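This report concerns only the one structure given below.
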Amino acid sequence: MVGVDGSAASRAALRWAADLALRLGAALEAVQAWQYPPDLRDWEALPSNYGYLPMVPSVERVEQGVRDGLAATVADVLGTEPGLAVTQRVVEGHPGRALMDAAAGATFLVVGRRSHGGLAELLLGSVARACSEHADCPVVIVPRPHATGEGRPEIASGAVGTPGSS
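1113 is the number of the first residue of the sequence shown in this note's numbering; add one for each residue after it.
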């Protein structure tokens, strides 16, 4: 399973996961998480004096937009890769939690590394970090692509519980 959001990091993760799936003869599931603005979803929960509310698309329209975006990203990155079975799924929720839930039973969860770095990462959190710390399956974090776009990222892996691991 690979988490996709259309970013350069997730596109690199999708390509890497597709290459792995082809080598293993496995199917690939591309998953994109989405959230609806929580304070605007339940109109009745807002105070009557809230004032002007911006027009927001319906939940269904937002979800369809996410589906369309995921399909476009998969088509753009993978094209019609021979021998690769790709399914696509969108899940509602915080990206870290939604991806971990969706990865239940997966052989691997592959995500891209955005690397906000420093204070931003501490304040905002990191989907890749949350998945690597809490997912029930092995997590592969694919680094951001090189500025030139050349080559495929190399991934270092490790396993907890093996000699030399900590």
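Beta carbons are placed, not taken as given, at the ideal position from N, Cα and C, and that holds for glycine.
Computed from a predicted structure; not experimentally measured.
What are the partner residues of residue i, as DSSP defines its beta bridges?
i, result
"Q1200", "A1142"
"L1126", "DSSP, once it has assigned bridges, lists no residue as partnering L1126."
"G1217", "Answer is none; G1217 lacks a bridge partner."
"V1251", "L1221"
Considering just the uninterrupted stretch of the alpha helix (DSSP H) at residue i, what are its terminal residues?
i, result
"V1174", "V1171 to L1190"
"A1247", "Note, A1247: premise wrong, no alpha helix (DSSP H); not H, not E."
Express the C-alpha separation of residue j and residue i in angstroms, rounding to a whole number.
i, j, result
"L1221", "A1125", "10 Å"
"T1185", "A1139", "17 Å"
"G1181", "R1226", "19 Å"
"I1253", "L1211", "13 Å"
"V1203", "A1215", "11 Å"
"V1114", "A1142", "5 Å"
"P1255", "A1197", "24 Å"
"V1223", "P1257", "13 Å"
"S1122", "A1240", "11 Å"
"E1175", "W1146", "8 Å"
"A1133", "D1188", "18 Å"
"C1249", "W1128", "17 Å"
"H1206", "Q1200", "18 Å"
"G1191", "A1120", "16 Å"
"D1213", "L1136", "23 Å"
"T1219", "G1118", "23 Å"
According to DSSP, simplified to helix, strand and coil, what is residue i?
i, result
"G1115", "strand"
"G1195", "coil"
"G1224", "strand"
"G1208", "helix"
"R1135", "helix"
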